[in-house]
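In this note's numbering, the protein residues as written are 78 to 524. For glycine and all other residues, C-beta sits at the position ideal for the given N, C-alpha and C. Single-structure report; data block below.
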Ligand code: GDG
């Protein structure tokens, strides 16, 4: 007889924007969809609201079906120190190996610890004795330790969505040992890849901390993308795109506007393609969708200015009165429309400088038409790379390598594209979001 699972409690920086369970939207929400719909779930996160002064400890709750959303507000100072400061100006760049970029301030670390404790205290007011707690990502590393300090005895798991750096980098983090020690509060620690597990375990071992991380590769819901992509055929947006391309090949990039995604290098790579392989001029269009993200962090604004300049420069150099080679958007595109765009693209261009996994690569593969699939150009430094043998692999720091790979991708015959796609699709199907969530929770709830 199937075991009745205890309530699942998810803690993440934000809660998903949802009206009904069926309409779960957003990366983490989509990844956890099966786990959340299968059982009673409580999900705690920041409301997105900033307040002048500290609010009541008890979170605000809303229930939709079997899912309860609990939210807390943060003060301006908490948002600045915890989110903009320690999480996104220190941990995010450090964990992505951005040497020289992380900015450490003791006051930010103090706010990070304070806010992690705030999440823990808010959660404690709602927690039942047999709940399974699953904490997510770099914003909340010390939340588990704060829960233990508050006397919580439940099973608590942690999953890190971004890479974990090797010891020589991690050890540059002032007071990093405090963060490492907090990993010991978790019953299961999940990371994306074996490399991440090796790095974190090496740091833990050096600090004599008895805790071990294991890899659980996150994935997508491939059927969702395949169906949405097929359904987009003939849709108004698809017809508009088609009409605007005028038969040209489409190269597509889709990324949050983030310096880890390698966008300037990618733009330069595309320019090199046109420069070194002029046969593609007027026959290829590169569409980069890059919705603005973390606009409160200074480096993101600098990146935006750089890309604005580069896009203008590239189009200035290669455009003709009836041809604009680079289309660069800072607005998000609806998911179903995006699925159709993936399917229309001859090349998916995914070149992060470092990425925990990268779901866009998997979405691109899932959305292809099996008879006429496109080719994927993929960074060696995405977590997704190890399973994607059929991709054209690049070092994303070298625009010339990107240009060569784009040229090769545009030249691939359909038989070879099919062979490559079949192997990539098998990898995407073998490692879905549902499999990821089930594997992690089975491990956490194992008797
Ligand atoms: C972190 C890790 C890890 C993007 N633009 C639009 C849009 N998106 C969607 C994509 C994809 C998601 O956002 C981005 O996911 P990624 O995995 O590519 O990257 P991060 O946001 O950095 O995610 C990453 C992930 O967590 C999960 O663990 O893979 O390594 O950094 O789903 O489709 N979606 C829509 N319009 C857009 O314009 N609808």
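Annotated three-state conformation of residue 338 is helix, per DSSP. Listed in chain order, the non-local C-beta contacts of residue 351 below 7 Å within the same chain comprise 357, 358, 395, 402, local neighbours out to five positions each way being set aside. Under the three-state reduction of DSSP, residue 84 is assigned to coil, being neither helix nor strand.
Counted as a single uninterrupted DSSP element, the beta strand (DSSP E) harbouring residue 124 occupies residues 118-128. By the neighbour-count criterion, in which 16 or more other beta carbons inside 10 Å mark a residue as buried, residue 323 falls on the exposed side. Within the same chain, 210, 212, 221, 224, 262, 263, 264 come within 7 Å of residue 233 by CB-CB distance, once the 5 residues on both sides are set aside.
The closest CA to that of residue 122, considering only 141, 93, 131, 132, is found on 93. Distance from the C-beta of residue 298 to the nearest heavy atom of ligand 1 is not below 8 Å. According to DSSP, residue 211 shares a beta bridge with 87, 234. Here DSSP, grouped into helix, strand and coil, assigns residue 349 to helix.
Annotation for residue 161: 373, 374 place their beta carbon closer than 6 Å to its own, counting only its chain and skipping 5 residues before and after.
Distance between residue 523 and residue 354, taken at the CA atoms: about 56 Å. Only residues of its own chain outside the window of five on either side were considered, and among them 122, 123 have a CB closer than 6 Å to the CB of residue 91, listed in chain order. DSSP places residue 290 within a strand segment (E or B) once states are collapsed to three.
Looking at the backbone, the Cα of residue 112 and that of residue 245 are separated by about 37 Å.
For residue 273, the enclosing alpha helix (DSSP H) has its first and last residue at 271-283.
Around the beta carbon of residue 316, fewer than 16 other beta carbons sit within 10 angstroms, so the residue counts as exposed. Note on geometry: alpha-carbon atoms of residue 519 and residue 461 lie some 23 Å from one another. Taking one beta carbon from each stretch, the region 327-336 and the region 141-154 have fewer than 3 pairs nearer than 8 Å; the two do not touch. Set against 8 Å, the gap from the CB of residue 509 to the closest heavy atom of ligand 1 is not smaller.
DSSP places residue 163 in the helix class (H, G or I) of the three-state scheme.
Residue environment: residue 338 is assigned as buried (16 or more neighbouring CB atoms within 10 Å of its CB, all protein chains considered). Partner residues in the beta bridge of residue 365, as assigned by DSSP, are 330, 405. For the 9 Å CB-CB criterion, residue 466 and residue 434 do not form a contact.
The C-beta distance from residue 136 to residue 199 rounds to 5 Å, short enough to fall under 8 Å.
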